[in-house]
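Trainee: Let me begin by handing over the structure; questions about it come next.
Spelled out as structure tokens, the structure:
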């Protein structure tokens, strides 16, 4: 395992679950590379994974337990947590406490959390941020298959002749899986259909992009089912032998005419037909879906509408076929497996199933077992708000930012009598409302397993010692369990023991009637666990590797072992646009950031892709609502208002806008996008509708705009717009304000907290244009710079950012205030390829001057796109654009 | 038969005029020149390098004796004209030399302004106008000692730098708050002051000279000893260079009854009030302006020559002026009009640490003035923008950083605007 200091581990970002080799260096940094042997990625890494080594600093790490803002010992903190939980349970019952965990904790952590709550405290009030991510897929799977089973594997995307991507920007959100598809398409000519309201980076490989109206997917897939049926392209044998409910589903699906589908979906009939006919004609079809499907009040129905089409054609569980949910988090699947959701038990057993409850309770020998589903994420925080929950423990997640109606969540947590937060980061919007902070081990320090989207279990291994007082989450939970009186049940010596217990449980009374069975590992030794190679479940005890895929020949996990067609009548999203809120806000990820940025924003090259929160809006809408390019938009919903940079783009549908979900109060003044979102949830899955929020947009009446860089963390103004991003030598900041500033020199001094008279200050003033620029030089090195303008500041930001901290020669000092390098020194432009830090201008040069005509040409010329490939779509777009302008 | 052209004065303006005239109409005139100085035409702009020792006199000669010979010019060296008889169309020098003219070109230049303080006539009080002044300063400098330069303008500072280079202990006293206040704003003046001080030249601004004090007669003849200021300060001086300004030398013309004001009044073709008499150079006044820098003088010379050649030409226009201080190691440039006021806007760039300062004055989206200190690398480009009245609205954001930015004035967007993707290809059949 240890080869010249390299440790095999797994990436902590998305659900693809790539194998990573990591090696700490003597200077305290870490180098990472893709693990050639890992079956998820075979050595590839995306831009985020490649930059993992840059995220390992201890800056802003939580290193000690803290109680009420003061450092405490572990004993004191844990005693307090146990006491408060015990008090609440004794006075108000077990349902007065809750645990809110995360798809980023390890399976072992998850297992212990679930055991503590459901078996020992006796409540099912444990839910996870996976609820926000793939609960609808879980619910859809369970309705159709009787179990939360992903039927296929990644290689199905490579074996398919048609890949339908529904609500998935695979190129940015699951980049390595996307690259596998790109490579397969190159050799096999895979057809790709993208169904997404936005023209995303993924559309680069789309043969057909259906820019569907937000929330209309069910209508589209009902129509597909009706089409397949009317064309006789269904698999009668499969339907008859292995399923039930087909007739009703088709009847329901037939209720929408083609005309109506076209209207609901906002698509031309011809385009819809093209998709239907392609699906009809292509046996090897895979339908990949992600948050665009799940994050909806009809999310579960969307999943079933898709699954219906695969059941009807028997295209499931065979190579190159099947519905395929790709998860957003590294261990969403692991969490599901050990009962991390409020309505599930460990080992994919059902809380509502008496037999399952008995199996689990007997296995644990626990004093009880929760017998009613607990509160799902949104309901859980509503219960915090209304006082039903009096003590909550939040682990590895940031609900103050990520839950819908996030301001209400913040207020609820502020008012909650007792809030515990286990995290690796000292300052998050959630740690700010905690009574107790518990320092957790981070990626590289923690040890355990994760499961990716194709049921592959891999080890996350530690290669660094825990800093300060940081401890694993399973240990923290166990210590509280012990203090609550369950010493024996929680006396784990390490993650191996937890894993073995969990593995044993999956085989408990499992005679092939539960999908999840890894009892082959029930007796895993320390050495075996240490060396555990990635493996797919099931792995049944004594039977070695089981099936690769599920349901090719039925054998569903319903009571009659038949798969279910589910009637999915089309329902519009819960909210409607109105004259007050005329646009639909869609939210999602960007390529180079992760969740609430606590880790990914530490990597300077990742902030170079997008350094601030933005609103993507179609040119027609921008004009209609008076938004100038690069200005600041005020975006308001029923719930809240945020300020975002305007990015005008025709990749949006008119009437729809998009904003990234990542920015928090730690990095921007007012950009917590989930504060806008209503807490409407899917009635089955409880997943919130994060992609359909009616909003109004208007210009933020900024009098001035500013861009700044600083070696020290800037002291940002308390009002107005700002966004701050770490860069190599410090920070870069965007600011805009409505207040009159009379003395910009003074403003700069406050921003940079500079008082030293030894600093040399360079100034540029154009009062009339409202342009002011300052640079502070300390001992010949650039310490800070500020650019102010009445209109959005034009400056070559990455070029300027790269000068920060550098020793400047006289000509460079003047160039610096120009904010751009001038003719003799080309500006690389905004970074497109973060692996090699290649900018847009360099790529354009390669196309225009070197004559590159393909993405590979550009790669050969300037290296862009030759590592992780995440930027290949953007390079392709530049080639298309520039070859047009060349021809013109 | 050739007409007679008499030229009074042999400075750079008439020199340039004759060059052009000989080119346009080589045989049109028989030319006689009266030069008050006992030498041929030399480059006065380069007197400072001669003073500092960076050039020799020979290196700054414009026209050698052979040039006059070749062009058939009669040059009266060291003969100062004392009288013009317009009725007789003759001029006469102090020594009685007489010349008659058909056309007369007056180029008597300017006289240094001498401030009327006691002691101004003492031996050791010098001006800085011609080679004789330079020679006097060089001789004085050989003794070492102290020099006081009165006047912190272009000439005064060049003299100060030259004397310093020659080893004297130099103090500049300047009436205004800002050195070179005709060319520099306060900030640039401060930078200049700092730079000069760092080179060992003492600078006293807001200093009003009260008296130039003499040595005691017992010390073998009275000569300059010190400069006393109004506030009582006394600054020791072995020489005093008076460089507080110039005024047009129009006496001769005035005495001849030509219209004069501060200078000899001319029209835009350099015609005086007498149709047979023209004037060029520092002695003229046009449209209320008098001139001390070489560019407009050359322009005047060109026009006068063209007119003398009998050809049509455009009239003289008062254009923007550029100044460079010729002090080695001090980069300073000033052009156009940079007074504050009214609709004027300014863009200012400062790098105090490097002693770099730039100020642009704009009006109606045009550059009308520029002051540069410390780095004058793009001065020519700015000067052209002023002269050509180029509209700079489109490059305003980077204007002050010079021509390397003209092509790169496009807005560099804060967020990527390239987040759009191509419409997909049609599906293959």
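Chains as they are written, first to last, in my numbering: chain G, 7 to 894; chain E, 5 to 433. Ideal Cβ positions, reconstructed from N, Cα and C, are used throughout, including at glycine.
1. Does the beta carbon of residue 198(E) come closer than 9 Å to any beta carbon on chain G?
2. Could you tell me which chain G residues have their CB closer than 7 Å to the CB of residue 367(E), listed as they occur along the chain?
3. Could you give the DSSP three-state label for residue 782(G): helix, strand or coil?
4. In angstroms with no decimal places, state the Cα-to-Cα distance between residue 518(G) and residue 630(G).
5. Which residues, in order along the segment 769–787 of chain G, keep a beta-carbon less than 8 Å from a beta-carbon of chain E?
6. Quick one: grab the DSSP three-state call for residue 462(G).
7. Taking Cβ to Cβ, would you say residue 142(E) is nearer than 9 Å to residue 132(E)?
8. So who's on the other strand from residue 251(E), going by DSSP bridges?
9. Would you list, in sequence order, the uninterrupted beta strand (DSSP E) runs of no fewer than 3 residues that lie entirely inside the segment 122–169 of chain E?
10. Please name the residue in 338(G), 466(G) and 129(G) whose C-alpha comes closest to that of residue 155(G).
11. For a test of the three-state rule: what should DSSP assign to residue 525(G), helix, strand or coil?
12. Pick out whichever of 250(E), 13(E), 24(E) and 392(E) has its Cα sitting closest to the Cα of residue 311(E).
13. Residue 8(E) bridges to which residues according to DSSP?
14. Count the C-beta pairs between the segment 341–361 of chain G and the segment 493–513 of chain G that are closer than 8 Å, then say yes if the count reaches three, no if not.
15. Can you give me the C-alpha to C-alpha distance between residue 26(E) and residue 104(E), rounded to a whole angstrom?
16. For residue 692(G), which option in 620(G), 138(G) and 116(G) has the closest C-alpha, if you only look at C-alpha atoms?
17. DSSP state of residue 52(G), grouped into three classes?
18. Please classify residue 639(G): is it buried, with 16 or more other beta-carbons within 10 angstroms of its beta-carbon, or exposed?
19. By the 10 Å Cβ neighbour count, where 16 or more other Cβ atoms means buried, how is residue 42(E) classified, buried or exposed?
20. Please classify residue 181(E) as buried or exposed, where buried requires at least 16 neighbouring CB atoms within 10 angstroms.
21. Looking at C-beta atoms only, is the number of pairs between the segment 215–234 of chain G and the segment 281–291 of chain G that lie closer than 8 Å three or more?
22. To the nearest angstrom, report how far apart residue 861(G) and residue 173(G) are at their CA atoms.
23. Please tell me whether residue 894(G) has its Cβ less than 9 Å away from any Cβ of chain E.
24. Applying the criterion that 16 or more other CB atoms from any shown protein chain within 10 Å of the CB defines a buried residue, is residue 599(G) buried or exposed?
25. Compare the Cα-Cα distances from residue 15(E) to each of 52(E), 50(E), 112(E) and 266(E) and report the closest residue.
26. If you pair each beta-carbon of the segment 147–167 of chain G with each one of the segment 122–136 of chain G, do three or more pairs fall below 8 Å?
27. CB-CB under 7 Å to residue 159(E), same chain, minus the five flanking residues each way: which ones, in chain order?
28. One question on the structure: do residue 801(G) and residue 713(G) come within less than 9 Å of each other, judged by their Cβ atoms?
29. Contact criterion: CB-CB distance below 9 Å. Does residue 766(G) meet it with respect to chain E?
30. Less than 7 Å between C-beta atoms, sequence neighbours within five positions excluded: which residues of the same chain meet that for residue 433(E)?
31. Taking Cβ positions only, does residue 2(G) come closer than 9 Å to chain E?
32. My assumption, with CB atoms under 8 Å, is that residue 256(E) sits in contact with residue 110(E). Please give the rounded CB distance.
33. Report back the beta-carbon spacing between residue 740(G) and residue 754(G) to the nearest angstrom; my notes put them in contact at under 8 Å.
34. State buried or exposed for residue 223(E), treating a residue as buried only when at least 16 other CB atoms are found within 10 Å of its CB.
35. Can you name, in chain order, every residue of its own chain whose Cβ lies under 6 Å from the Cβ of residue 635(G), other than the five neighbours on each side?
36. Under DSSP, the alpha helix (DSSP H) around residue 611(G) begins and ends at which residues?
Mentor: On the basis of the coordinates in this document:
1. So no, residue 198(E) is outside the interface.
2. Result: empty, since nearest Cβ-Cβ is about 11 Å, beyond 7 Å.
3. Residue 782(G) falls in the strand class under three-state DSSP.
4. Between the C-alpha atoms of residue 518(G) and residue 630(G) there is a straight-line separation of about 60 Å.
5. Result list: 769, 770, 771, 772, 773, 774, 775, 777 and 783.
6. Residue 462(G) falls in the strand class under three-state DSSP.
7. Note that the C-beta distance between residue 142(E) and residue 132(E) is not below 9 Å.
8. In the DSSP output, where bridge partners are listed per residue, residue 251(E) has 115(E).
9. Within the segment 122–169 of chain E, the complete beta strand (DSSP E) runs of at least 3 residues are 129–131 and 150–154.
10. Nearest in C-alpha terms to residue 155(G), of all of 338(G), 466(G) and 129(G), is 338(G).
11. Reduced to three states, the DSSP call for residue 525(G) is helix.
12. Answer by Cα proximity: 24(E).
13. According to DSSP, which records beta bridges pairwise, residue 8(E) is partnered with 34(E).
14. At 8 Å Cβ cutoff, the stretches touch.
15. Taking the straight line joining both Cα atoms gives about 20 Å.
16. Shortest Cα-Cα distance from residue 692(G) to any of 620(G), 138(G) and 116(G) involves 138(G).
17. In this structure, residue 52(G) counts as coil in the three-state DSSP scheme.
18. Buried, because 16 or more other Cβ atoms sit within 10 Å of the Cβ of residue 639(G).
19. With fewer than 16 other Cβ atoms inside 10 Å of its own Cβ, residue 42(E) counts as exposed.
20. Around the beta carbon of residue 181(E), fewer than 16 other beta carbons lie within 10 angstroms, which makes this residue exposed.
21. Contact between the segment 215–234 of chain G and the segment 281–291 of chain G is present: 3 or more CB-CB pairs across the two stretches fall below 8 Å.
22. Cα to Cα, the separation comes out at about 26 Å.
23. With a pLDDT of 41 at residue 894(G), under the threshold of 50, the modelled position of that residue is not reliable, and no figure is offered here.
24. With 16 or more Cβ atoms within 10 Å of its Cβ, residue 599(G) is classed as buried.
25. It is 112(E) whose Cα lies nearest to the Cα of residue 15(E).
26. Contact check between the segment 147–167 of chain G and the segment 122–136 of chain G: fewer than three CB pairs, one atom from each, fall below 8 Å, which does not count as touching.
27. Correct list, in chain order: 132 and 247.
28. Taking 9 Å as the cut-off, the Cβ atoms of residue 801(G) and residue 713(G) count as close.
29. Chain E, which has a Cβ nearer than 9 Å to the Cβ of residue 766(G), makes this yes.
30. Only weak support exists for where residue 433(E) lies, its pLDDT of 26 falling under 50; the value from the coordinates is given anyway. Excluding positions up to five away in sequence, the list is empty.
31. In the structure as shown, chain G begins at 7 and stops at 894. Residue 2(G) is therefore absent and cannot be evaluated.
32. Going by Cβ atoms, the distance from residue 256(E) to residue 110(E) rounds to 7 Å, so yes, they are a contact pair.
33. A Cβ-Cβ distance of about 15 Å is found for the pair residue 740(G) and residue 754(G), leaving them out of contact under the 8 Å criterion.
34. Burial call: exposed.
35. Sequence-distant partners of residue 635(G) (beyond 5 residues in either direction) whose C-beta falls short of 6 Å from its own C-beta, in its chain, are 654.
36. From DSSP, the alpha helix (DSSP H) with residue 611(G) extends over 610–613.
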